[in-house]
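Read the structure below first, then the notes.
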Amino acid sequence: MSFVATSTGSIAPLILFAAVATVTPGGATALATASGSQFGFRRSIPLMAGIALGLASLAAAAAAGLAGVLLAAPVLQTGMKAIGSAYLLWLAWRVARSGAPDLDRSTAAPTTLLGGACLLWLNPKGWAMALGAAASFAMLANGPLHLALLLGGAFGVSAAVSLSLWCAAGVLLARLVRTERQWRIVNTLLGVLLAVSIVPMWR
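Given below as structure tokens:
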């Protein structure tokens, strides 16, 4: 079966899986919402692109077999968990301490494309999910490269769409929240959600 010959019907379960996996609330969606509320949609594009590219490359790597190698090394997994957790806690602290958005403030710095990608690359739970997807949908492809293209495309596009929706929700939130006290509450809640997303990583 060639890449061109793969029918939409045959990849529908993969598309559904990727859509549900990416739209579900978690660390990436919380960060996209917080970025949208603080910096607006346009300035949040590098973050969203980084997360989408990170997930796409992670899924492609899993299809190529790299995820199995990483998950077979307990020491490496623990190191990734520690670094990933520290990074997420730092982001959560930044979000929680943010005040009302000032989009013209020169010191305001949204998370970069590389920072968004790191959110996925340093998450062993993400690697496990990608490995599970590679195993579940391997029959759709005629080889690792074909599977890498399928998974990378499905997860990358799904992530871009879902993150755009969450970021737009953050932009809308910025229009509804007015006072400094309300912003402290909202930012604290978003920071807590981002910090809580670490818990499944250690299960």
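The numbering of the sequence shown is our numbering, which starts it at -5 and goes up by one. Where a beta carbon is used, it is the ideal one built from N, C-alpha and C, also for glycine. Since this is a predicted model, take the numbers as computed values, not measurements.
Restricting attention to G185, R197, A22, the CA atom closest to the CA of L107 is found in A22. Between A142 and Q176, the alpha-carbon positions lie close to 44 Å from each other. When secondary structure is reduced to three states using DSSP, L82 falls in the helix class. Rounded to whole angstroms, the separation of the alpha carbons of A128 and G59 is 9 Å. A distance of 9 Å or more separates the beta carbons of G30 and V155.
Short of 8 Å from the beta carbon of S4, and not among the five residues preceding or following it, lie these beta carbons of its own chain, in chain order: L134. For a cut-off of 8 Å, the C-beta gap from A15 to L187 is around 18 Å, too long to register as a contact. Per DSSP, reduced to three states, the secondary structure at S130 is helical. A distance below 9 Å separates the beta carbons of P104 and R37. With distances taken between CA atoms, L114 lies nearest to A54 out of L183, A54, A28, F35. Comparing C-alpha distances from L10 to each of A26, N181, F131, Y81 shows the shortest one belongs to F131.
L139 and N181 have their C-alpha atoms spaced approximately 42 Å apart.
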